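Colleague: As numbered in mature numbering (1 follows the signal peptide of the UniProt record, and there is no 0), residues -20 to -1, 1 to 326 make up the sequence shown, in order.
The beta-carbon is built from N, C-alpha and C at its ideal position, and this holds for glycine as well.
The model shown is predicted, which means the values in this text are computed figures rather than measured ones.
Submitted below is the structure of interest, expressed as structure tokens.
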Amino acid sequence: MNPQAKLVFIFSLLLGTTTTITSNHWIMAWAGLEINTLSILPLISKSHHPRAIEAATKYFLTQATASALVLFSSMTNAWHTGQWDITQMTHPTSCLILTSAIAMKLGMVPFHFWFPEVLQGSPLTTGLLLSTIMKLPPITLLFMTHHSLNPTLLTCMAIMSAALGGWMGLNQTQVRKVLAFSSISHLGWMTIILSFNPKLTLLNFYLYTLMTLSIFLTLNTIKVLKLSTLITSWTKAPSLSAMLLLTLLSLAGLPPLTGFLPKWLIIQELTKQNMAPMATMISLFSLLGLYFYLRLAYCATITLPPHTTNHMKQWRSHKPASTLIAISAIASTMLLPISPMISAIL
């Protein structure tokens, strides 16, 4: 792709995201979502592979439907209440339609079918954008309207997302699909706490973005797309593979790594809200995710010859890893000791 064109698309992506997260009016938020969708489509389909074109088409159709539902819910609310302000979403039907629209935007259960397919058809760098920055505007809209949304519906969708995200990721051999189901599972954790402590939703999203950034950049550096190539990648960059192991375990939520912090705070808050059964259920469902994270971590670092893979070993790369990978990997694994400070800020 032409570098100037890529710069325009990335600038449009940032513009759309900024427009949505800083707006108070529904039309401005909708316009930002549309700019976002249109700017990411060329980045998904830039390889001109049939799979990439299919992913771009699926992405366009689902996002267009979700944007239409956002516009419809805001118009219905304005019709009944005379308010176009995002925080004044009070009509029950509008809130229900908005919840469905944002769940479709994010790829939450039961609107999750498009997300693994789109991520599988995209390059790793575009997959990183889809998993992180593209989820920021819908999560911001959820944050701004959380007081109006139905807590029971959000909790049910969260439990289903955590369950299906863990369950469907178990038998995947493509790394991008595993990370897509991991994203769906994490969305469950973000949504379940939204009605009770929305700041924890944002904290979980920020830390998830940090860990996902580290994993995608590492995979992009060692050029891995499948588990069978991940098995032989440890010869290419041993230190990077070791950091990938720790970051994957952090994403699984194991102490004493960073990923344990949001899960710990969310379980604590749910228990305070007399929702101990829900906390137990979502914790048990996250064990399913732990299995496929361990599988990835095993393939990345603990696999030594002889093994049954038909792939040849890759040459060691003398190109050093980027500073961004180093910073994000350290932050992805070592932030737990400052959790009292983070709790105080919240």
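#1: Is it right to say Q100 is buried, meaning 16 or more other beta carbons lie within 10 angstroms of its own, or is it exposed?
#2: Checking 8 Å against the spacing of the C-beta atoms, do I15 and L41 come in under that value?
#3: Within the present structure, is the beta-carbon of P117 separated from the nearest heavy atom of the ligand FAD by less than 7 Å?
#4: Does the region 111 to 127 come close enough to the region 169 to 178 to have 3 or more Cβ pairs within less than 8 Å?
#5: Should the region 104 to 112 be called in touch with the region 50 to 69, which here means at least 3 C-beta pairs below 8 Å?
#6: Roughly how many angstroms lie between the CA atoms of S302 and V158, to the nearest whole one?
#7: Considering Cα atoms alone, identify which of Q43, Y278, I33 and G269 is closest to A160.
#8: With distances taken between CB atoms, is the gap from F228 to Y186 smaller than 8 Å?
#9: Could you check the C-alpha separation between V89 and S141 for me, to the nearest Å?
#10: What would DSSP say about H5, mapped onto helix, strand or coil?
#11: Between the C-alpha atoms of T212 and L224, what's the straight-line distance to the nearest angstrom?
#12: Mind the definition here: the region 312 to 320 touches the region 230 to 243 only if three or more C-beta pairs lie below 8 Å; say whether that holds.
#13: Using a Cβ-Cβ cutoff of less than 8 Å, which residues in the same chain neighbour residue 327 once the five nearest sequence positions on both sides are dropped?
#14: How long is the line joining the alpha carbons of T251 and G87, rounded to whole angstroms?
#15: Based on the DSSP output, what are the partners of K206 in its beta bridges?
#16: Between which two residues does the alpha helix (DSSP H) containing M55 stretch?
Modeller: Reading from the atomic positions:
#1: It is buried - the Cβ of Q100 has at least 16 other Cβ atoms within 10 Å.
#2: Against a cut-off of 8 Å, the Cβ pair of L41 and I15 comes out as no contact.
#3: Although the ligand FAD was asked about, the structure shown includes no ligands whatsoever.
#4: The region 111 to 127 makes contact with the region 169 to 178; the number of CB pairs closer than 8 Å reaches 3 or more.
#5: By the C-beta criterion, the region 104 to 112 is judged not to be in contact with the region 50 to 69, since fewer than 3 inter-stretch pairs fall below 8 Å.
#6: So the two alpha carbons sit approximately 24 Å from each other.
#7: Of Q43, Y278, I33 and G269, the residue nearest in Cα terms is G269.
#8: As written in the sequence, residue 228 is Leu, which differs from the Phe given in the question. No.
#9: Distance between the alpha carbons of V89 and S141 is about 5 Å.
#10: Three-state DSSP puts H5 in a strand.
#11: One C-alpha to the other measures close to 14 Å.
#12: Yes, they touch.
#13: Here the chain covers residues -20 to 326 and nothing more, so residue 327 does not appear.
#14: Distance between the alpha carbons of T251 and G87: 27 Å.
#15: Beta-bridge pairing links K206 to Q154.
#16: Boundaries of the alpha helix (DSSP H) around M55: P30 to T61.
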